[in-house]
Amino acid sequence: MDAVFDYGGRTGYEPISDTDRKEFHEQGFLLLRNVLTEDHRAALEAAVDRVYAEELAAGRTTKDGTLHLLGFLERDELFGDLLTHPIAFPYMWGLAGWNIYTHHNHLDVTPPAAEPEKPYWGWHQDGYRQNSDPETMDPNLPRPMFSLKVAYVLSDLSEKGRGATKVIPGSHLWNSLPRPADTTVHNPDPEGTVEITANPGDAFIFDRRQWHSRSTNLSTITRKMLFIGYTYRWIRPLDELHIDPDGEWWANRTPVQRQLCGEGTHTANYWGINWNGYVDDEIPLRKELKTRGLLDRSIPWLR
1 MDAVFDYGGR TGYEPISDTD RKEFHEQGFL LLRNVLTEDH RAALEAAVDR VYAEELAAGR
61 TTKDGTLHLL GFLERDELFG DLLTHPIAFP YMWGLAGWNI YTHHNHLDVT PPAAEPEKPY
121 WGWHQDGYRQ NSDPETMDPN LPRPMFSLKV AYVLSDLSEK GRGATKVIPG SHLWNSLPRP
181 ADTTVHNPDP EGTVEITANP GDAFIFDRRQ WHSRSTNLST ITRKMLFIGY TYRWIRPLDE
241 LHIDPDGEWW ANRTPVQRQL CGEGTHTANY WGINWNGYVD DEIPLRKELK TRGLLDRSIP
301 WLR
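Right, here's the structure in full:
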């Protein structure tokens, strides 16, 4: 990526700060400014526009032109390179460790709303059964994080009302959120709600447990976003990637990017071990971090 877009020598293997880690653990999300250079952002937006035109022509958008495309990574070289973006990637391995891959990613295009939105209660945590299966009977004991997402902002979301994501800081530690008794009428957002306003080229990272909701695009600007989720390799994919193992896109992926697309040498490898039960030091991201001296026994997921 650095050969095309200038990130000042950043490699994607610079450790995140203790301050950022603390804020993420306390708030459940981080807003990162100026993650994409302008030429990179513009190139990504052009790729999104091309994919959107293809999906629109094939009749795969909603009636109002909204597109929520799952498993989009192999649709362009630029999307595949985002897996190890030099600024965002350190937050993925820094917060979740080296035994990760992308299980869920989506490309979103949200045109201005054609009409006022009907009453809608969209507050949720990501993860589906991950919000039930591992839960204890103690409501005060938060469920595990399991996964996190990075969201790249390609359009101008610097003002409210442009369809940005809404979050409740700190709510990733709540196992439930009170739901209005009547959802057939418009209800106010929960107390503490923040709409993530961001500039083109910014990004935000959030814990899958963060209570969040979409918002209605009441502006004249089309919202364009790319979301890439990372989880542990022993969790199976949510989205289906249609990768051609003999194609150019796959040939151009690095060993770490291939791991992040789900590649593994055998089933135990997904659990971070060899069949002898010991850590597999050849797992690409672990090998890379070990070579760079970035493993840290004081951080459980980086041991």
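Numbering (UniProt numbering), first residue to last: 1 to 303. Where a beta carbon is used, it is the ideal one built from N, C-alpha and C, also for glycine.
Contact under 9 Å by Cβ, residue i with residue j
| i | j | result |
| --- | --- | --- |
| serine 132 | histidine 104 | no |
| leucine 82 | cysteine 261 | no |
| valine 153 | phenylalanine 29 | no |
| valine 48 | leucine 295 | no |
| threonine 37 | phenylalanine 5 | yes |
| valine 109 | threonine 222 | yes |
| histidine 186 | methionine 145 | no |
| glutamine 125 | arginine 208 | yes |
| glycine 94 | arginine 21 | yes |
| glutamine 259 | isoleucine 243 | no |
CB contact below 9 Å: residue i versus chain B
| i | result |
| --- | --- |
| leucine 78 | Of the chains in the structure shown, none is chain B; there is only one protein chain. |
Among the options, the one whose alpha carbon lies nearest that of residue i
| i | options | result |
| --- | --- | --- |
| isoleucine 205 | Trp301, Ile228 and Phe79 | Ile228 |
| serine 155 | Val194, Val4 and Thr220 | Thr220 |
| arginine 303 | Gly277, Gly272 and Leu73 | Gly272 |
| aspartate 64 | Leu78, Pro178 and Asn217 | Asn217 |
| aspartate 285 | Gly264, Gly277 and Asp202 | The displayed chain sequence assigns leucine, not aspartate, to residue 285. Answer by Cα proximity: Gly264. |
| histidine 255 | Gly9, Thr19 and Gly80 | The identity of residue 255 in the sequence shown is proline, whereas the question assumes histidine. Ranking the options by Cα distance to proline 255, first place goes to Gly80. |
| glycine 9 | Ala42, Glu117, Pro300 and Ile87 | Ile87 |
| glycine 163 | Val150, Pro112 and Pro178 | Pro112 |
| glutamate 191 | Asp76, Gln130, Pro144 and Gly170 | Gly170 |
| tyrosine 91 | Leu44, His266 and Val35 | Val35 |
| arginine 33 | Arg41, Gln27 and Glu26 | Arg41 |
| tryptophan 174 | Pro142, Ala203, Pro188 and Asp189 | Pro142 |
| glutamine 68 | Gln259, Glu282 and Leu107 | In the sequence on display, residue 68 carries histidine and not glutamine. Looking at the Cα atoms, Leu107 is the closest of the given residues. |
| threonine 66 | Tyr7, Asn140, Lys224 and Glu23 | Lys224 |
| proline 200 | Gln27, Ser17, His25 and Glu45 | Glu45 |
Which residues DSSP lists as bridging residue i, in chain order
| i | result |
| --- | --- |
| serine 219 | In DSSP, serine 219 forms no bridge with anything. |
| histidine 68 | Asp108 |
| threonine 231 | Tyr101 and Ser147 |
| phenylalanine 162 | The amino acid occupying residue 162 in the given sequence is arginine; phenylalanine does not appear at that position. BP columns for arginine 162 point to Asn217. |
| isoleucine 273 | Val279 |
| lysine 224 | Val109 |
Inter-stretch contact at 8 Å, needing at least 3 Cβ pairs: the stretch 188-199 / the stretch 234-254: no
Complete beta strand (DSSP E) runs within the stretch 79-136 (minimum length 3 residues, chain order): Within the stretch 79-136, the runs of beta strand (DSSP E) at least 3 residues long that lie entirely inside it are, in chain order, 100-110.
The stretch 3-17 in contact with the stretch 288-302 per 3-pair CB rule at 8 Å: Judged by Cβ distances under 8 Å, the stretch 3-17 makes contact with the stretch 288-302, as three or more pairs qualify.
Segment contact flag, the stretch 115-126 with the stretch 208-217, C-beta cutoff 8 Å, min 3 pairs: yes
Length at least 4, wholly inside the stretch 12-52: the alpha helix (DSSP H) runs in chain order: 18-27
Any 3 or more C-beta pairs closer than 8 Å across the stretch 222-240 and the stretch 91-106: yes
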